[in-house]
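In this note's numbering, the protein residues as written are 1 to 130.
Glycine included, C-beta positions come from ideal geometry on N, C-alpha and C.
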């Protein structure tokens with residue numbers, strides 16, 4: 001068994017695609033019409049055969065809306081992405097206008113920061129240090 005898909009809830013798939021490809025540097029993999037929305041996935045250019053991130057158009061469903069609002073209020077990231085060099089990735093994203101809610105910090109064995117993906121989600125980036 002392996003992880004092949006993960007998802008983030010978004011209100012606008014177009015805005016999410018622009019952010020996740022234009023700012024984060026992911027690559028669009030699937031874009032298939034699916035009813036009123038699309039089966040829209042992005043992948044890491046560092047692992048094109050790896051897991052796909054679904055830009056899930058369900059942000060307005062009552063349960064998802066309540067979850068996202070609670071996570072945002074409490075400052076809890078929806079998901080996390082690993083990076084090789086947290087400090088340089090933090091600077092790169094800041095230069096692209098990405099808004100961070102948690103500047104780089106360190107804990108035992110990990111450096112991390114949290115940003116707003118403009119789609120109602122907090123996303124953590126992290127680098128293991130051990």
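Rounded to whole angstroms, how far is the Cβ of residue i from the Cβ of residue j, which I believe are closer than 8 Å?
| i | j | result |
| --- | --- | --- |
| residue 64 | residue 9 | 5 Å |
| residue 66 | residue 123 | So it is not a contact: roughly 19 Å between Cβ atoms. |
| residue 118 | residue 15 | 7 Å |
| residue 86 | residue 104 | 6 Å |
Can you list, in chain order, the residues of its chain with a C-beta nearer than 7 Å to that of residue i? Leave out the 5 residues immediately preceding and following it.
| i | result |
| --- | --- |
| residue 51 | 3, 4, 5 and 6 |
| residue 128 | 109 and 110 |
| residue 99 | 115 and 116 |
In chain order, what residues of the same chain have a beta carbon less than 6 Å from the beta carbon of residue i, not counting five sequence neighbours either side?
| i | result |
| --- | --- |
| residue 130 | 109 |
| residue 45 | 27 |
Expressed to the nearest angstrom, what Euclidean distance is found between the alpha-carbon atoms of residue i and residue j?
| i | j | result |
| --- | --- | --- |
| residue 20 | residue 42 | 8 Å |
| residue 126 | residue 70 | 22 Å |
| residue 72 | residue 120 | 8 Å |
Between residue i and the rest of its own chain, which residues show a CB-CB distance below 8 Å, the 5 nearest in sequence each way excluded?
| i | result |
| --- | --- |
| residue 30 | 39, 40, 41 and 52 |
### Complete beta strand (DSSP E) runs within the stretch 42–74 (minimum length 3 residues, chain order)
52–56
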